[in-house]
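Trainee: Below is a structure I'd like to ask you about.
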Amino acid sequence: MSIEVLRPGLATTVQDAGRPGYYNVGIPLSGAMDQYSLRVANLLVGNDETAAALECALMGPELRFHTDAVIAVAGSTMTPKFDGVAQACNTALAVRAGTVVSFDFMRAGARAYVAIAGGIDVPVVLGSRSTYGLGAFGGFQGRKLAVGDRLPVGVPQRTPTPGRSVDASLVMPLDKEVPLRVVPGLYFHRITDASAQTFFDDTWVIAPEADRIGVRCRSGRPLEWRPRAQPFGAGSDPSNIVDAGYPYGSIQVPGGVEPIILHRDAVSGGGYAMIGTVISADMDRIAQMQPNYKARFVRVDMAQALAARAERRAKLDRLRAALA
Amino acid sequence: MSIGSARYTFGADEHVFVELSEEMSLEAFFKGMAITNALAARKVPGVTEICPANASYQVRFDPDVIAPDAMLALLQQLESELGNASLEIATRIIEVPVFYNDPWTHETLMRFRERHQDPTATDLEYSARVNGYASVDAFIDAHAGSPWFVSMVGFVAGLPFLFQMVERAKQIETPKYLRPRTDTPKLTIGHGGCFGAIYSVRGAGGYQMYGITPAPIFDPAQSLPYFKDFMCFFRPGDIVKYRRIDRAEYDAMVGQVEAGTFTLKIAPVQFSLASFLADPTAYNRSLMEALR
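Chains as they are written, first to last, in numbering that gives the first Met the number 0: chain L, 0 to 323; chain S, 0 to 291.
Right under this line is the structure:
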């Protein structure tokens, strides 16, 4: 019961719902960056919705199946191919032992989730099978996949139904320009009124340095900081603070130049002022932003953030009902 | 001794961030420890992460279980209940051996010299000079002479930030590299701003580099006895005393680490902030007695 990695792809890792509870010692949540699409893929193959699956960034792997299996690919548009023959995304697909599964280039989005009925059966570390690369643990030997790896597959808990698919209204949107809703706060008061305006007015471009730790944005106007005598221990740059914890989704702007949005492998703290936080409902969408996609930051308040959270939960409920 | 009241702010719908003080102080750190310990003891449903930091802390919560306003109100209540309670903690003091001016951090700092404020000096020479020490030796004596508080664990897994337990006038302060290095040896003893750090894993870094410890501090395999409980050794509130070692002792200890026989000297201590502030030098001396 295993899958052999013939080519690893750009950055393919084993991820599940993540590993909460250890951020206080610098161990981040990890887990699928697009939690919604992880659930689409898992539910299609009859898994528990947070079973461990493969997260494939930008370029997919090439895999030889040494077992019959049922798989589904969700998230970004990255057509799976069985021995070279194109298959459907967002659909449960039966794979015969011996088949080589490869992927076409990514046409939209940035991360595809490949779920296999039974899940990827790597050891559970601190409550999760997710990979934490910086700490070199979890997932498959604590790292992204490499040539020759053999991924163990678990025993399916339910009999999957090949051919089953999900309605287009229930998959992740993959737009090239994405409004990201932000609650201003944290150290927002440190930037000038003019910069508080331009930050939300400008269109930002996702930089090539976009990984599981965070996503860097370019092309907006630099932010200016209100003058002050730097507090003891904060460091000399006006964008510095006494090193503090970083919320997931928080936006820091080192030197005022390029906003960085922290994601699920976040560094847990540091000395750069954060000026706001992307709402929980929009974190999945960040995962699907390729370099050169555009973002606009949309200012919202707590009530709007909670309403968006409820909408996301309602969509998840519709997905669960559709694939029950 | 007052740091005023805290500033509360939300990190969108899942985080409350509480700044206890804009500037670093032991008072702010202790207040954060006291509040986060009290919160942890309550086992509040919906709270998923409780993260004390140097002069602030953050809590991550599930707003479907506890409403953001209720979460914030609870933290404010904990702050007011704390009032002027005496700030004492039961903690441990750990002796950490350090090979200062070692060949590995030296090789690394030479490799990244063009990113440093003073390309003609080493990090130790530069830090000694900007902190008014006559020699590198005198600087190392100060660095290793007084203990340090672990005031935050994070950035990456198991990395301790340390704040030296001396009067502010004696605090070592150094800028970070002008541009961060892309490499730092694992277990480097570093310093940036008013904070020390021990790099738990190899990687990027901007702190000045002074030496290296043979003692692993992060080990997912949990192979040494002191990792029995958890893969990260340090916890906020730990007290660290550095001890200067030479190459021979360093090599011997690395051998012990490889053989699985290495141990750290660890002793339980009770720390009282008021007693410390009354006479730091004498109080540190009594703390360090626990390591004898």
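Glycine included, each C-beta is placed from N, C-alpha and C at the ideal position. Just so we're clear, the structure is a prediction, and the values are computed from it rather than from any experiment.
Is the distance from the Cβ of Pro191 of chain S to the Cβ of Lys175 of chain S below 7 Å?
Mentor: To locate residue 191 of chain S, count along the second sequence from 1; it is residue 192. To locate residue 175 of chain S, count along the second sequence from 1; it is residue 176. First, the amino acid is wrong: residue 191 of chain S is Gly here, not Pro. Contact: yes.
Trainee: Which residues, in chain order, does the stretch 129-153 of chain S contribute to contact with chain L at a C-beta distance below 7 Å?
Mentor: Met151, Val152 and Gly153
Trainee: Using a Cβ-Cβ distance under 7 Å, would Phe231 of chain L count as near chain S?
Mentor: Residue numbering aside, residue 231 of chain L sits at position 232 when the first sequence is read from its first letter. The beta carbon of Phe231 of chain L sits closer than 7 Å to some beta carbon of chain S.
Trainee: Could you tell me if Gln156 of chain L is buried or exposed, where buried requires 16 or more neighbouring beta carbons within 10 angstroms of its beta carbon?
Mentor: Locating residue 156 of chain L in the first sequence gives position 157, where the first residue counts as 1. Exposed is the call here.
Trainee: Who are the near neighbours of Gly236 of chain S in its chain, counting only those whose CB is closer than 7 Å to its CB and skipping five residues on each side?
Mentor: Taking the first residue of the second sequence as 1, we reach residue 236 of chain S at position 237. For Gly236 of chain S, same chain residues with a beta-carbon under 7 Å away, outside a window of 5 residues either side, are Met32, Ile88, Thr90 and Val149 in chain order.
Trainee: What's the C-alpha gap between Tyr282 of chain S and Lys293 of chain L?
Mentor: Residue numbering aside, residue 282 of chain S sits at position 283 when the second sequence is read from its first letter. Residue numbering aside, residue 293 of chain L sits at position 294 when the first sequence is read from its first letter. Answer to the nearest angstrom: the Cα atoms are 57 Å apart.
Trainee: For my contact list, Ala114 of chain L and Ala50 of chain L are in at a C-beta cut-off of 8 Å; report their separation, rounded to the angstrom.
Mentor: For this step, residue 114 of chain L is matched to residue 115 along the first sequence. For this step, residue 50 of chain L is matched to residue 51 along the first sequence. Indeed, because the Cβ distance is near 7 Å, the residues count as touching under 8 Å.
Trainee: To the nearest angstrom, how far is it from the Cα of Asp294 of chain S to the Cα of Ser279 of chain L?
Mentor: Because chain S spans 0 through 291 in this model, residue 294 of chain S falls outside it and cannot be assessed.
Trainee: Compute the beta-carbon to beta-carbon distance between His326 of chain L and Ala96 of chain L, rounded to the nearest angstrom, for a pair I have assumed lies under 8 Å.
Mentor: Coverage of chain L is limited to positions 0 through 323, which leaves residue 326 of chain L absent and any answer about it impossible.
Trainee: Give a yes or no on whether the minimum CB-CB distance between Met0 of chain S and chain L is below 7 Å.
Mentor: In the second sequence, the residue the question calls residue 0 of chain S occupies position 1. Confidence in Met0 of chain S is poor, its pLDDT being 47 and thus under 50, which makes the residue's placement too unreliable to answer from.
Trainee: Which of the three DSSP states is assigned to Gln14 of chain L in this structure?
Mentor: The count along the first sequence starts at 1 and reaches residue 14 of chain L at position 15. Here Gln14 of chain L sits in strand by DSSP.
Trainee: Tell me the rounded alpha-carbon separation between Arg227 of chain L and Pro237 of chain L.
Mentor: Your numbering for residue 227 of chain L matches position 228 in the first sequence. Your numbering for residue 237 of chain L matches position 238 in the first sequence. If I take the Cα positions, the gap works out to 8 Å.
Trainee: Can you say whether His188 of chain L is buried or exposed, counting buried as having 16 or more other CB atoms within 10 angstroms of its CB?
Mentor: Numbered from its first residue, the first sequence carries residue 188 of chain L at position 189. That one is exposed.
Trainee: Does DSSP put Gly189 of chain S in a helix, in a strand, or in coil?
Mentor: Along the second sequence, one-based indexing puts residue 189 of chain S at 190. Note: Gly189 of chain S maps to strand in three-state DSSP.
Trainee: If you draw a straight line from the alpha carbon of Gly219 of chain L to that of Phe138 of chain S, how long is it in whole angstroms?
Mentor: The residue you call residue 219 of chain L lines up with position 220 of the first sequence. The residue you call residue 138 of chain S lines up with position 139 of the second sequence. Taking the straight line joining both Cα atoms gives about 44 Å.
Trainee: Just to confirm the assignment: which complete beta strand (DSSP E) runs, minimum length 3, are found wholly within the stretch 122-187 of chain S?
Mentor: 147-152 and 159-163
Trainee: Does DSSP put Ala196 of chain S in a helix, a strand or coil?
Mentor: Within the second sequence, the letter at position 197 stands for residue 196 of chain S. Under the three-state reduction of DSSP, Ala196 of chain S is assigned to strand.
Trainee: What's the gap between the Cα of Ile93 of chain S and the Cα of Val146 of chain L?
Mentor: As a first step, residue 93 of chain S is located in the second sequence; it is residue number 94 there, counting from the start. As a first step, residue 146 of chain L is located in the first sequence; it is residue number 147 there, counting from the start. Spanning the two alpha carbons is a distance of roughly 43 Å.
Trainee: According to DSSP, which residues form a beta bridge with Arg6 of chain L?
Mentor: Residue 6 of chain L sits at position 7 when you count from the first residue of the first sequence. Arg6 of chain L is bridged to L:Glu61.
Trainee: Would you verify that the beta carbon of Leu283 of chain S is, or is not, closer than 7 Å to some beta carbon of chain L?
Mentor: Locating residue 283 of chain S in the second sequence gives position 284, counting from the first residue. First, the amino acid is wrong: residue 283 of chain S is Asn here, not Leu. For Asn283 of chain S, the answer is no, since every Cβ of chain L falls outside 7 Å of its Cβ.
Trainee: Please state the DSSP three-state secondary structure of Met0 of chain S.
Mentor: Here residue 0 of chain S refers to the residue found at position 1 when the second sequence is read from its first residue. Since pLDDT at Met0 of chain S reaches only 47, below the 50 mark, its modelled position is unreliable, and the value read off the structure follows with that caveat. Here DSSP, grouped into helix, strand and coil, assigns Met0 of chain S to coil.
Trainee: Using the C-alpha atoms, what's the distance from Pro183 of chain L back to Pro258 of chain L?
Mentor: As a working note, residue 258 of chain L is residue 259 in the first sequence. As a working note, residue 183 of chain L is residue 184 in the first sequence. The straight-line gap from Cα to Cα measures roughly 13 Å.
Trainee: Hey, Trp224 of chain L and Ile274 of chain L: beta-carbon distance below 7 Å or not?
Mentor: As a working mapping, residue 224 of chain L is identified with position 225 in the first sequence. As a working mapping, residue 274 of chain L is identified with position 275 in the first sequence. No; because the gap between Cβ atoms is not below 7 Å, this pair is not in contact.
Trainee: What's the gap between the Cα of Phe28 of chain S and the Cα of Ser101 of chain L?
Mentor: As a position in the second sequence, residue 28 of chain S is number 29, starting the count at 1. As a position in the first sequence, residue 101 of chain L is number 102, starting the count at 1. Each residue's alpha carbon lies about 52 Å from the other.
Trainee: Is Lys264 of chain S helix, strand or coil when you go by DSSP?
Mentor: Start at 1 with the first residue of the second sequence, and residue 264 of chain S comes out as number 265. Strand, per DSSP.
Trainee: From Glu21 of chain S to Phe194 of chain S, what distance separates their C-alpha atoms?
Mentor: Counting from one through the second sequence, the residue named residue 21 of chain S turns up at place 22. Counting from one through the second sequence, the residue named residue 194 of chain S turns up at place 195. Going from the Cα of Glu21 of chain S to the Cα of Phe194 of chain S covers about 15 Å.
Trainee: Alpha carbons only, please: which of L:Pro7, L:Ala320, L:Val154 and L:Ile285 is nearest the one belonging to Val165 of chain L?
Mentor: Reading the first sequence from its first residue, position 166 is the one you call residue 165 of chain L. Ranking L:Pro7, L:Ala320, L:Val154 and L:Ile285 by Cα distance to Val165 of chain L puts L:Ala320 first.
Trainee: Would Phe16 of chain S and Leu305 of chain L qualify as a contact pair, given that the criterion is a beta-carbon distance under 7 Å?
Mentor: Residue 16 of chain S sits at position 17 when you count from the first residue of the second sequence. Residue 305 of chain L sits at position 306 when you count from the first residue of the first sequence. No, the Cβ-Cβ distance between Phe16 of chain S and Leu305 of chain L is not below 7 Å.
Trainee: Using a Cβ cut-off of 7 Å, pull out every chain S residue sitting near Ile250 of chain L, in sequence order please.
Mentor: The residue given as residue 250 of chain L occupies position 251 in the first sequence. Ordered by position in chain S, no residue passes the 7 Å Cβ test against Ile250 of chain L, which lies about 10 Å from the chain.
Trainee: Would you please verify whether the beta carbon of Gln57 of chain S is less than 7 Å from any beta carbon of chain L?
Mentor: In the second sequence, counting from the first residue as 1, residue 57 of chain S sits at position 58. Yes, its Cβ sits closer than 7 Å to a Cβ of chain L.
Trainee: Since Leu186 of chain S and Thr212 of chain S should fall inside the 8 Å C-beta cutoff, what is the C-beta to C-beta distance between them, to a whole number of angstroms?
Mentor: Residue mapping note: residue 186 of chain S aligns to position 187 of the second sequence, counting from 1. Residue mapping note: residue 212 of chain S aligns to position 213 of the second sequence, counting from 1. With a Cβ gap of about 5 Å, Leu186 of chain S and Thr212 of chain S count as contacting.
Trainee: For the alpha helix (DSSP H) containing Ala54 of chain S, list its first residue and its last residue.
Mentor: Along the second sequence, read from residue 1 onward, the residue named residue 54 of chain S stands at position 55. Counting along the chain, Ala54 of chain S falls outside any alpha helix (DSSP H), and DSSP gives it neither H nor E.
Trainee: Taking 8 Å as the limit between beta carbons, can you name the residues of its chain near Ala39 of chain S, skipping five residues before and five after?
Mentor: Residue 39 of chain S sits at position 40 when you count from the first residue of the second sequence. Ile49, listed in sequence order.
Trainee: Quick one: which chain L residues come within Cβ less than 8 Å of Met23 of chain S?
Mentor: Stepping through the second sequence from its first residue, residue 23 of chain S is reached at position 24. Those are Pro230, Phe231, Gly232, Ala233 and Val241, listed as they occur along chain L.
Trainee: To the nearest angstrom, how far is the alpha carbon of Ile216 of chain S from that of Met230 of chain S?
Mentor: Looking up residue 216 of chain S in the second sequence gives position 217. Looking up residue 230 of chain S in the second sequence gives position 231. So the alpha carbons of these two residues sit roughly 8 Å apart.
Trainee: Do you know offhand how far Ala409 of chain L's Cα is from Pro159 of chain S's?
Mentor: Nothing about residue 409 of chain L can be read from this structure; chain L reaches only from 0 to 323.
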